[in-house]
Amino acid sequence: AQTVTQSQPEMSVQEAETVTLSCTYDTSESDYYLFWYKQPPSRQMILVIRQEAYKQQNATENRFSVNFQKAAKSFSLKISDSQLGDAAMYFCSYSGNTGKLIFGQGTTLQVKP
Amino acid sequence: KAGVTQTPRYLIKTRGQQVTLSCSPISGHRSVSWYQQTPGQGLQFLFEYFSETQRNKGNFPGRFSGRQFSNSRSEMNVSTLELGDSALYLCASSNQGSFQEAFFGQGTRLTVV
Chain C
11 AQTVTQSQPE
21 MSVQEAETVT
31 LSCTYDTSES
41 DYYLFWYKQP
51 PSRQMILVIR
61 QEAYKQQNAT
71 ENRFSVNFQK
81 AAKSFSLKIS
91 DSQLGDAAMY
101 FCSYSGNTGK
111 LIFGQGTTLQ
121 VKP
Chain X
298 KAGVTQTPRY
308 LIKTRGQQVT
318 LSCSPISGHR
328 SVSWYQQTPG
338 QGLQFLFEYF
348 SETQRNKGNF
358 PGRFSGRQFS
368 NSRSEMNVST
378 LELGDSALYL
388 CASSNQGSFQ
398 EAFFGQGTRL
408 TVV
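Quick mapping for you: the protein sequence lines, in order, are chains C and X. Heads up: take any position in the first sequence, counting from 1, add 10, and you land on the working numbering. Heads up: take any position in the second sequence, counting from 1, add 297, and you land on the working numbering.
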């Protein structure tokens, strides 16, 4: 069975600084997708970034980028120039052949002004 | 384009009762997935419907059921409610399945007393 692990329950970063959230996963599938979702206090899950496993190039969306290491089964999220609005819970998730999303336990990110 | 709409937003029910939650996906999306979010268990997959058929099912008891209508709207039903069913229930819609970008609703907060 596939699993997703986020080992950092809480992280904090100074406004305008850079922070990296860690995620590891386990799977025997070769074709899958990885995602980072953000859940602010409003509770709505918002997709931050998506990575197809067959693509070697790391995905980037403005201030958000990932470091995808397929062999190591690692998928970290880097947030550059952190803003107060980035404060939220971040979930790493996996989607494979079953089509369902498997989520990690989440990392609460605090941004200090 | 309207987002994913979940109703009601909040619900309080008594043990033993049943409840029905509704999810209207983004227009044109055929896949609707349901997730349960609790502090202890995190985000867990309940089931996915695609074109009115249940395509995937998570590891939940038979008290949890769902259906999808021809207009892609989906309902989730929980019978014989237990205190442990108190959770945030999230619905996600996508065009083909969770391996594509899934758009989440704001959730229904169910409290069982």
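Glycine included, each C-beta is placed from N, C-alpha and C at the ideal position. None of these values were measured; they are calculated from a predicted model.
- With fewer than 16 other Cβ atoms from the protein chains shown falling within 10 Å of its own Cβ, X:P305 counts as exposed.
- The beta carbon of C:Q120 lies closer than 8 Å to those of E20, M21, S22, V23 and A97 in the same chain, with the five residues before and after it left out.
- Here X:R312 is near X:V409, since their CB atoms are less than 8 Å apart.
- Per DSSP, the unbroken beta strand (DSSP E) holding X:N374 starts and ends at S371 to V375.
- Per DSSP, reduced to three states, the secondary structure at X:G363 is strand.
- Each residue's CA atom was taken as its position, placing C:Q67 and C:L111 some 22 Å apart.
- Beta bridge pairing from DSSP links C:L57 with C:Y47.
- Per DSSP, reduced to three states, the secondary structure at X:G339 is strand.
- For C:T108, a Cβ of chain X is located within less than 8 Å of the residue's own Cβ.
- Interface criterion met: the Cβ of C:G116 is under 8 Å from a Cβ in chain X.
- Using a Cβ distance threshold of 8 Å, C:Y104 and C:Y42 count as a contacting pair.
- Not a single CB atom of chain C sits nearer than 8 Å to the CB of X:G325.
- X:Q403 has a beta carbon lying within less than 8 Å of a beta carbon in chain C.
- Per the Cβ contact rule, the stretch 355 to 367 of chain X is not in contact with the stretch 385 to 403 of chain X (fewer than 3 Cβ pairs under 8 Å).
- Shown in chain order are the members of the stretch 343 to 375 of chain X whose Cβ falls below 8 Å from a Cβ of chain C: E345, R352, N353 and G355.
- Counting only residues of its own chain and dropping the five nearest sequence neighbours on each side, X:K354 has a CB closer than 7 Å to the CB of F344.
- By the C-beta density criterion, C:Y64 is exposed, having fewer than 16 other C-beta atoms within 10 angstroms.
- Looking at X:N392, X:V301, X:E349 and X:T377, the one whose alpha-carbon comes closest to that of C:I56 is X:V301.
- Chain order gives the chain X residues near C:F113 as G339 and L340, where near means a beta carbon separation below 7 Å.
- In the structure shown, X:D382 falls within a helical segment according to DSSP collapsed to helix, strand and coil.
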